[in-house]
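Quick note on numbering: our numbering labels position 73 of the sequence shown as 73, and the sequence is numbered without any gaps.
Quick notes on the structure that follows.
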Amino acid sequence: MRIVIGGGITGLTVASQLEDTVVLEQQSSVGGLYSIEEVGGLTLTIIPPVVSSIKRLAEILPDLKLEEWRPIIKKTKEEHLKMKVCPFCDELPTWLDVKEGYLVHNLPEALLELGSKVKIVRGYPLRVREGKLFTNRGILEFSEIINTGSREELNRLIGVEEDLKKIGCLLAVIVSRGGINKWDVLLHGSAGISFSHVFRREIDEKHDVYHVYAFTRGGKHLDADRILGDLKRASVLTKEDVVTMRVRYIRECILAGEKEKNRPNFLRECGRLGLWDNLSLEEAVESALRC
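Now the structure itself:
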């Protein structure tokens, strides 16, 4: 039996292409960052469901509801953006590369449908020994492990050390009253403002949703109050504009470091976290289909 670690879009895609495969997923819902978040009675994703290409995505999710996306972009001190977000990166991840594409309206629901076609075990891995994966839910025997979850966490299980680096991020989803801003994307390079990227879209005649990215490193953590304060300082939103808000901290947002080429024979790795590579959504799907 093959075990796929991780029930994000990469893990679900891999498992749907293979027989005799089980997905080990720690969270209660599948889809990773594209799983359903209930925010003020609305079904949203924690990051904006925007893709630059739909060709590969449509192969696994054929019933997507799409809208062409041509963003109006506002830039403030853009020349400082890379240094603010990731000073040790050669360039920013492709998934932060703002360009024309498609807005996917039903991505969480499509992922739930994909998840219903694979076998999922809720739990997390503890250690690997002689063809057995020990989890908090019991022991799973395997012929192969396909890791689409954290490469850093898997290294601890198999006793491998790599010089991996990461930058975390606080992601905020804010539902506000509509009509406040006319831009779709705000890029903010000022060091005095906690966030760097804001994506805005209209969800109905009276409300907009904002996806806010604030990247952190060195163990520094932000909170919702700091984000709201900086949104006011940057003349984006005030607390009075906000209807509801949800925040989530992601430890492994931007990935870097040196990876070892020699890996155990029983292991395959794919996707953003498994390969430890800053892949976009469509690149992660491409990786899964090749895995």
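Don't be surprised by glycine CBs; every beta carbon is placed ideally from N, CA and C.
Assigned exposure category for residue i - 16 Cβ within 10 Å defines buried
{"i": "Gly168", "result": "buried"}
{"i": "Gly149", "result": "buried"}
{"i": "Thr238", "result": "exposed"}
{"i": "Ala58", "result": "exposed"}
{"i": "Gly274", "result": "buried"}
{"i": "Ser28", "result": "exposed"}
Rounded separation between residue i and residue j - CA only
{"i": "Asp230", "j": "Gly115", "result": "38 Å"}
{"i": "Ile174", "j": "Ala234", "result": "16 Å"}
{"i": "Leu267", "j": "Gly179", "result": "50 Å"}
{"i": "Arg272", "j": "Phe215", "result": "17 Å"}
{"i": "Glu153", "j": "Phe142", "result": "19 Å"}
{"i": "Met83", "j": "Arg200", "result": "24 Å"}
{"i": "Ile227", "j": "Tyr213", "result": "9 Å"}
{"i": "Asp208", "j": "Glu25", "result": "32 Å"}
{"i": "Leu171", "j": "Val243", "result": "17 Å"}
{"i": "Trp183", "j": "Glu269", "result": "38 Å"}
{"i": "Ser287", "j": "Glu252", "result": "18 Å"}
{"i": "Cys89", "j": "Ser196", "result": "15 Å"}
{"i": "Gly40", "j": "Lys77", "result": "33 Å"}
{"i": "Leu187", "j": "Ile193", "result": "11 Å"}
Beta-carbon spacing of residue i, residue j below 9 Å
{"i": "Leu111", "j": "Ile3", "result": "no"}
{"i": "Leu64", "j": "Leu107", "result": "yes"}
{"i": "Glu298", "j": "Arg56", "result": "Any answer about residue 298 is impossible in this case: the structure gives the chain only from 1 up to 291."}
{"i": "Pro87", "j": "Ile158", "result": "no"}
{"i": "Leu92", "j": "Trp276", "result": "no"}
{"i": "His80", "j": "Gly189", "result": "yes"}
{"i": "Gln17", "j": "Leu255", "result": "no"}
{"i": "Val185", "j": "Ile54", "result": "no"}
{"i": "Tyr102", "j": "Glu68", "result": "yes"}
{"i": "Leu224", "j": "Val198", "result": "Reading the sequence as shown, one finds Ala at residue 224 and not Leu. No, these two residues do not count as a Cβ contact at 9 Å."}
For residue i, the residue or residues it bridges with in DSSP
{"i": "Ala172", "result": "Val212 and Val247"}
{"i": "Leu279", "result": "DSSP, once it has assigned bridges, lists no residue as partnering Leu279."}
{"i": "Val85", "result": "Paired residue(s): none; Val85 is not in a bridge."}
{"i": "Lys165", "result": "Ala256"}
Neighbour flag for residue i against chain C, beta carbons, 9 Å
{"i": "Leu18", "result": "In the structure shown, chain C cannot be found, because there is only a single protein chain."}
- Runs of beta strand (DSSP E) wholly within the stretch 96 to 138 (minimum 3 residues, chain order): 101 to 104, 119 to 122, 125 to 129 and 132 to 135
- Those runs of the beta strand (DSSP E) which lie wholly inside the stretch 185 to 263 and span at least 3 residues: 185 to 188, 197 to 202, 207 to 216 and 242 to 258
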